[in-house]
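Student: As numbered in our numbering, residues 13 to 505 make up the sequence shown, in order.
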Amino acid sequence: MSVNGNNATPPSPAIAPGIETLDPVAFARELGQRWPGGVDPRVRAVLPTMDAPFFQAGLAGYSDAAMRIVARQQGCPLCVTEALLDRMLLGGGHGFDKADLVLQNEQLLADNLPSGTDDHPLIGQIIGSDPDEMAAAAVKMYEQGQRRDREYRDMAYGSGGMPHYVDTRWKVGDGEAAPAGASASDAVCEDDCTPEALLRLAEMQPPESYDPRSVFANLPPVDPADKPKPPNSKPERERAGAEAAGAPSRSFATIDVNLACPVKKIDRKSRGGHWLTDPVGAIRILKAVRDGLPPEVPCTVKLRRAYDDTPEMARNFEVIFSAAYDLGYAWATVHARTVEQRYIGPSRWTFLKDLMSRHTDKIVFGSGDVWVAQDIFRMIGYAGVSGVSVARGCIGNPWIFRQARQMLAGQPVTRPSIAEQREVLLQHFRLSVAVNGEYHAGKMMRKFGIKFAQHHHTPEAVKVRMCAVNTTKDWLATLDELYVEPATVSSAG
Ligand SMILES: Cc1cc2nc3c(=O)[nH]c(=O)nc-3n(C[C@H](O)[C@H](O)[C@H](O)COP(=O)(O)O)c2cc1C
């Protein structure tokens, strides 16, 4: 997915005629007065900890635990993992680590790092081609992989042993990790990252006679005693308090089904947004995931407004959208571009407005062309969505969340000072090293550094330096050189 390349739209306004009459500052203030935190009470009923009407979107290649924790520290109440490929999850691939569920990480990382308490609530997003695989992957996510990997694979394929498509280099036996750097999302989101193995594997079908529901029906309940004991730290105690209040903790807040990703089909098998061409198949997936999970685990779905602009695809959207709620999905996040559009051209907020006028009873989060904090309230005020998914607008700009909260509180919006930028850049790098290791953190943080540069008074100089960052030493040197307050000009001369 070359969203970083030529096919991504630079920040531009969405299609929203008449929006100029909406004052986002006044609207945000009113929203903050109407409901606590400006949150639609129906959203709170699903997620009691939700205290602002927005979340950080799944952003493959960006939204790892480091980015999420930084966003939360700036006021983001909820984050989404990048889309994790069901097959990779079932194969035990590194993508699962990336969802920060591997509890043994706790031994490696301190409390405030991934798998600690600072990355919750978190929505776990899955993507895939097969209802049974999706359902089993959803259960694995929800249970945080507490069973042996084989048990999850049995849920998807029956007890015939290792599914044929699992590349044995990646998973020789339970407990063995995928090679460093291999992740589910790599396969999901890179057009040119469709390993031959996966292409071969995609041809394999689960046995036709097998009904995964029979396996789900017989699952033993998860024994809470198997879960690690909470350490006696302050964040853990806070988490325990939240748990007592009914908030989800270590598990995902919702399991989100991705029917939106525009990455091309693999071997004629649909996944992501391609399901919008096949409502029956899409509904099978939605149903399998919903049926596979315990009823108290909320499910949500990510959609695009259609596959393309034909009337047939518009009908498909309606069918899938309505079916999701009929099946018991808590909400849909709707990206108001078509799959064909990928990330090019404006998001059509008129679509969201029309949708909400016809479905006032449903919780919907809107997505597309949310670049600054004001856009969050423009979208809610214009389209009537319950909340907003913030995507490219928060890459290198976690302050968008702080600013949105300031707007809800009727306060002036503040830009990050150089000292604040430095602090966040340091923190993000430190977290990224913890999550990705120094080598990958260097590469990752180059992408972020270029985006962070927009807040600096000499953005071009920052970009040039950021492009050359490899090590922690380089990063610190760049910050020391460029992230210092500009000398104040003395009026006395
Ligand atoms: C680099 C990148 C990666 C993305 N990865 C995901 C993903 O893993 N899951 C998802 O639901 N959406 C993903 N999206 C889509 C965004 O969540 C969002 O719907 C889209 O970017 C439109 O919002 P925007 O125009 O405000 O950026 C991705 C978008 C980008 C740019």
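Glycine included, C-beta positions come from ideal geometry on N, C-alpha and C.
Count the other C-beta atoms from every protein chain shown that fall within 10 angstroms of the C-beta of T490, then say buried if there are 16 or more, exposed otherwise.
Tutor: Taking the sequence shown and counting its residues from 1, one reaches residue 490 at position 478. Per the 10 Å Cβ criterion, buried.
Student: Please name the residue or residues paired with H371 in a DSSP beta bridge.
Tutor: For the purposes of this step, residue 371 is identified with residue 359 of the sequence shown, where counting begins at 1. H371 is not bridged to any residue.
Student: Can you tell me whether DSSP reads M157 as helix, strand or coil?
Tutor: Within the sequence shown, numbered from 1, the residue matching residue 157 stands at position 145. Reading off the sequence, residue 157 comes out as Gly, not Met. Three-state result, G157: coil.
Student: Please state whether DSSP places A149 in a helix, a strand or coil.
Tutor: Position 137 of the sequence shown, counting from 1, holds the residue named residue 149. In the three-state scheme derived from DSSP, where H, G and I count as helix and E and B as strand, A149 is classed as helix.
Student: Do the segment 53-71 and the segment 441-448 make contact, defined as three or more Cβ pairs closer than 8 Å?
Tutor: no
Student: Output the distance between the C-alpha atoms of G304 and S282, rounded to the nearest integer angstrom.
Tutor: The count along the sequence shown starts at 1 and reaches residue 304 at position 292. The count along the sequence shown starts at 1 and reaches residue 282 at position 270. Approximately 21 Å, taken between the alpha carbons.
Student: Can you list the beta strand (DSSP E) stretches of 3 or more residues lying completely in the segment 38-102, in chain order?
Tutor: Correct list: 66-68.
Student: Can you tell me whether C479 is helix, strand or coil according to DSSP?
Tutor: Taking the first residue of the sequence shown as 1, we reach residue 479 at position 467. C479: helix per DSSP, three-state reduction.
Student: Please name the residue, chosen from E352, D268, A40, V382, that lies closest to M325 on a Cα-to-Cα basis.
Tutor: As a working note, residue 325 is residue 313 in the sequence shown. The option with the nearest alpha carbon to M325 is E352.
Student: Are the C-beta of M62 and some C-beta of chain B separated by less than 8 Å?
Tutor: Here there is only one protein chain, and chain B is not present.
Student: Are E358 and D321 touching if we call contact CB-CB under 8 Å?
Tutor: As a first step, residue 358 must be located in the sequence shown, where it is residue number 346. As a first step, residue 321 must be located in the sequence shown, where it is residue number 309. One detail in the question is off: residue 358 reads as Pro in this sequence, not Glu. No. Outside cutoff.
Student: Start and end of the alpha helix (DSSP H) containing K455?
Tutor: Residue mapping note: residue 455 aligns to position 443 of the sequence shown, counting from 1. 430-464 is the extent of the alpha helix (DSSP H) around K455.
Student: In this structure, does DSSP put L34 in helix, strand or coil?
Tutor: Looking up residue 34 in the sequence shown gives position 22. Coil.
Student: Can you tell which of R360, I462, P291, Y164 has its C-alpha closest to the C-alpha of S24?
Tutor: For this step, residue 24 is matched to residue 12 along the sequence shown. Comparing Cα-Cα distances from S24 to each of R360, I462, P291, Y164, the minimum goes to R360.
Student: Beta-carbon separation of D98 and E145 under 8 Å?
Tutor: Working through the sequence shown from its first residue, we reach residue 98 at position 86. Working through the sequence shown from its first residue, we reach residue 145 at position 133. Contact: yes.
Student: Just the Cα atoms here: how many angstroms apart are P53 and K365?
Tutor: Sequence index remark: in the sequence shown, residue 53 carries index 41 (1-based). Sequence index remark: in the sequence shown, residue 365 carries index 353 (1-based). Whole-angstrom Cα-Cα distance: 20 Å.
Student: For T470, count neighbouring C-beta atoms within 10 Å of its own C-beta (all shown protein chains included) and say buried if the count is 16 or more, exposed if not.
Tutor: Taking the first residue of the sequence shown as 1, we reach residue 470 at position 458. Counting Cβ neighbours within 10 Å, T470 comes out exposed, since fewer than 16 surround it.
Student: Would you tell me roughly how many angstroms separate the C-alpha atoms of K485 and G454, rounded to the nearest one?
Tutor: The sequence position of residue 485 within the sequence shown is 473, counting from 1. The sequence position of residue 454 within the sequence shown is 442, counting from 1. If you take the alpha carbons of K485 and G454, they lie about 10 Å apart.
Student: As a quick check of your reading: which residues have a C-beta less than 5 Å from at least one non-hydrogen atom of ligand 1, in chain order?
Tutor: V15, A69, G70, L71, A72, E94, A95, K314, H347, S379, G380, D381, V382, A403, R404
Student: Could you give the first and the last residue of the continuous beta strand (DSSP E) run that contains K314?
Tutor: The residue given as residue 314 occupies position 302 in the sequence shown. K314: member of the beta strand (DSSP E) spanning 311-318, first to last residue.
Student: Going by C-alpha to C-alpha distance, which of D373, Q415, Q85, C479 sits closest to M456?
Tutor: Reading the sequence shown from its first residue, position 444 is the one you call residue 456. Considering only alpha carbons, the answer is C479.
Student: My understanding is that M62 touches L90, with C-beta atoms under 8 Å, so please give their C-beta distance in whole angstroms.
Tutor: As a working mapping, residue 62 is identified with position 50 in the sequence shown. As a working mapping, residue 90 is identified with position 78 in the sequence shown. Confirmed, Cβ separation roughly 6 Å.
Student: Nearest CA to the CA of A168: which residue from L102, A40, Q137?
Tutor: Along the sequence shown, one-based indexing puts residue 168 at 156. Checking every option, the nearest Cα to that of A168 belongs to L102.
Student: Can you tell me the Cα-Cα spacing of Q137 and G73, whole angstroms?
Tutor: Reading the sequence shown from its first residue, position 125 is the one you call residue 137. Reading the sequence shown from its first residue, position 61 is the one you call residue 73. About 14 Å.
Student: Find the nearest neighbour of E497 within the set R80, E450, H452, R434, judged by alpha-carbon distance.
Tutor: The residue you call residue 497 lines up with position 485 of the sequence shown. Per the Cα distances, R434.
Student: First and last residue of the alpha helix (DSSP H) that includes P343?
Tutor: Locating residue 343 in the sequence shown gives position 331, where the first residue counts as 1. Reading off the sequence shown, one finds Trp at residue 343, where the question assumed Pro. Careful: W343 lies outside any alpha helix (DSSP H), inside the beta strand (DSSP E) at 343-350.
Student: Look at A348 and R317 and say whether their C-beta atoms are less than 8 Å apart.
Tutor: Counted from its first residue, the sequence shown places residue 348 at position 336. Counted from its first residue, the sequence shown places residue 317 at position 305. Yes; because the gap between Cβ atoms is below 8 Å, this pair is in contact.
Student: Using beta-carbon positions only, say whether F389 and P36 come within less than 8 Å of one another.
Tutor: Sequence index remark: in the sequence shown, residue 389 carries index 377 (1-based). Sequence index remark: in the sequence shown, residue 36 carries index 24 (1-based). It is a contact, given that the beta carbons lie within the stated cut-off.
Student: Bridge partners of K277, per DSSP?
Tutor: Residue 277 sits at position 265 when you count from the first residue of the sequence shown. BP columns for K277 are empty, so no partner.
Student: R360 bridges to which residues according to DSSP?
Tutor: As a working mapping, residue 360 is identified with position 348 in the sequence shown. DSSP, once it has assigned bridges, lists I27 as partnering R360.
Student: Give me the Cβ distance between Y11 and I135, rounded to the nearest whole Å; I'm assuming they're in contact under 8 Å.
Tutor: The requested residue 11 is not part of the displayed model; the chain covers only 13 to 505.
Student: CB G378 to CB S401, shorter than 8 Å?
Tutor: Walking along the sequence shown from the start, residue 378 turns up at place 366. Walking along the sequence shown from the start, residue 401 turns up at place 389. Closer than 8 Å, so yes.
Student: Using CA coordinates, which residue listed in W383, F363, A57, V397 is at the minimum distance from T372?
Tutor: Position 360 of the sequence shown, counted from the start, is the residue given in the question as residue 372. Selected option, being the one with the closest Cα: V397.
Student: Name the one or two DSSP bridge partners that L526 has.
Tutor: Limits of the chain in this structure are 13 at one end and 505 at the other, which puts residue 526 out of reach.
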